[in-house]
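Numbering-wise (the numbering used here), the sequence shown opens with residue 3 and increments by one. Encoded as structure tokens, the structure appears first; notes follow it.
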Amino acid sequence: MPCLYNRGTYSDERQLDAEYEENIRIEEIPQNALNTKMNIAFATYAKDGTPEGFNYSMSGDDSLAEELRVRGFTATSLPWDQPEVDWTQFNAVILRRTWDYHLHYEKFLAWLNDLEKKGVTVLNPIHVLRWNSKKTYLSELKDRGANIIDTVFVECQSDVPSLISIMVESGWTKAVFKPVVGISGHQVHKVLNLRNATDKQSIFEKMVRDGHGVLVQEYMESVDTSGEVSLVYLNGKYSHALWMKPRSDSSRGICQGNDVMRLEPDLAALATADDVMKALPWKQPPVYARVDVIEDSVKGGYALMEVEMVEPQLYLEGHSVIRMANLIEHILCA
Numbered sequence: 003m004p005c006l007y008n009r010g011t012y013s014d015e016r017q018l019d020a021e022y023e024e025n026i027r028i029e030e031i032p033q034n035a036l037n038t039k040m041n042i043a044f045a046t047y048a049k050d051g052t053p054e055g056f057n058y059s060m061s062g063d064d065s066l067a068e069e070l071r072v073r074g075f076t077a078t079s080l081p082w083d084q085p086e087v088d089w090t091q092f093n094a095v096i097l098r099r100t101w102d103y104h105l106h107y108e109k110f111l112a113w114l115n116d117l118e119k120k121g122v123t124v125l126n127p128i129h130v131l132r133w134n135s136k137k138t139y140l141s142e143l144k145d146r147g148a149n150i151i152d153t154v155f156v157e158c159q160s161d162v163p164s165l166i167s168i169m170v171e172s173g174w175t176k177a178v179f180k181p182v183v184g185i186s187g188h189q190v191h192k193v194l195n196l197r198n199a200t201d202k203q204s205i206f207e208k209m210v211r212d213g214h215g216v217l218v219q220e221y222m223e224s225v226d227t228s229g230e231v232s233l234v235y236l237n238g239k240y241s242h243a244l245w246m247k248p249r250s251d252s253s254r255g256i257c258q259g260n261d262v263m264r265l266e267p268d269l270a271a272l273a274t275a276d277d278v279m280k281a282l283p284w285k286q287p288p289v290y291a292r293v294d295v296i297e298d299s300v301k302g303g304y305a306l307m308e309v310e311m312v313e314p315q316l317y318l319e320g321h322s323v324i325r326m327a328n329l330i331e332h333i334l335c336a
């Protein structure tokens, strides 16, 4: 049993709330601004229902929208790619459930460019969204000192290397490959051994040639045993964490077959996530970020899987809803 579940790192919510008040200086918001009605759009996606691999009921988006309405804001959910929407009518557009942007990536980038050109306030800021929408950001974070899972990036090219050669040269017995532009479990393939790599070579080659590139990573066995820890940061400060606990009574596929549980992370997991946040290439922290880490079965400690700043589930609840609402209010009214 890994030591993921030690409590006490931030067991006192009042300590966190005090830090947030000091950090964003809510008391400096002009009172006349707080009384001004603000219109907020939650950018979503057009399809009904929730895609596989997502649990919308735990996102906390509805609770956040209600908290904003209590404060006098309007909060409207609209598909990001709905052409008739006039986004300039909103004081801010917050990306929450744009869960199909990876399927229409060029259109998504064009939408962001249009919002930027029209001066629409977007949360997270557009430069953050662009940077984080391609997983090549992992390479930059590694160069800036973050501990990431051993990763090989394969760009779009006609001469595609073999999975076997990548695994042998990297010293891996198992691997996983996925698109550079993708979310959740979309086109994520686990490679069990070198023979399995041969079987999946054609899939790999098609993904490389048809998409925006592919990343290949060493497969961490801990994903099946101890699971992932997701640490949520608001305005660059740690807020709360979740444990993606693997189900012991079912065979677990990539990004499936886990239960989401709230926890206080141990200091090593928190330190790894803090290092990731410090390695981000901007002085101003993102409004929200979710740092997904896993026990590093090779080097020890924890390694970064992903840091999600486009449309991550933030699992807002209770105090974290208040913190996020305070932050949005400060950004729009200060």
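In this text, a Cβ means the ideal position worked out from N, Cα and C, and glycines have one as well.
Beta-carbon proximity of residue i to residue j, cut-off 7 Å
i    : j    : result
E142 : I128 : no
A48  : T100 : no
S299 : M222 : yes
Q262 : A291 : As written in the sequence, residue 262 is Val, which differs from the Gln given in the question. No, Cβ-Cβ distance for V262 and A291 is not below 7 Å.
V210 : A177 : no
L80  : A327 : no
Y304 : A271 : yes
L244 : Y317 : yes
V2   : L233 : Shown here, the chain extends from 3 to 336; a query on residue 2 therefore has no answer.
F92  : Y103 : no
L105 : L131 : no
L125 : I96  : yes
W174 : V122 : no
A94  : L306 : no
N237 : K247 : no
F179 : F155 : no
Residue i in three-state terms, based on DSSP
i    : result
F92  : coil
L316 : coil
K280 : helix
V225 : helix
T76  : strand
N260 : strand
W174 : coil
Y139 : helix
S322 : helix
V210 : helix
H332 : helix
L337 : The structure shown does not extend to residue 337, since the chain is modelled only from 3 to 336, so the question has no answer here.
V156 : strand
H106 : helix
V193 : strand
Cβ shell of residue i (< 6 Å), same chain only, five flanking positions each side left out
i    : result
K144 : I150
S135 : V312
D152 : E220
S137 : One detail in the question is off: residue 137 reads as Lys in this sequence, not Ser. So the qualifying residues of the chain are V182, L217.
I333 : none
S322 : S241, H242
R73  : none
N63  : Rather than Asn, the amino acid found at residue 63 in this sequence is Asp. Answer for D63: R98, listed in chain order.
E319 : G62
D116 : none
Q159 : none
G213 : P181
F75  : M40, I42
I168 : V154, V218
Cross-strand partners of residue i (DSSP beta bridge)
i    : result
D63  : Bridge partners of D63: none, in fact.
I150 : L306
L265 : A243
V295 : V231, L306
I42  : A77, A94
E220 : A177
L125 : I96
Y47  : Y47 pairs with nothing; no bridge assigned.
P163 : Beta-bridge pairing links P163 to no other residue.
P248 : N260
Same chain, Cβ closer than 8 Å to residue i, neighbours up to 5 away in sequence not counted
i    : result
A112 : none
V170 : L196
Own chain residues within Cβ distance below 7 Å of residue i, not counting five before or after
i    : result
L77  : This sequence places Ala at residue 77; Leu is not what is there. Answer for A77: I42, F44, A67, L70, R71, listed in chain order.
T200 : I166
A281 : L143, R146, G147, A148
K202 : L165, H191, V193
G184 : H104
* Asked: Using 8 Å as the threshold, is the stretch 225–244 in touch with the stretch 184–202, meaning 3 or more CB pairs across them?
  -> The answer is no - the stretch 184–202 does not touch the stretch 225–244, with fewer than three Cβ pairs under 8 Å.
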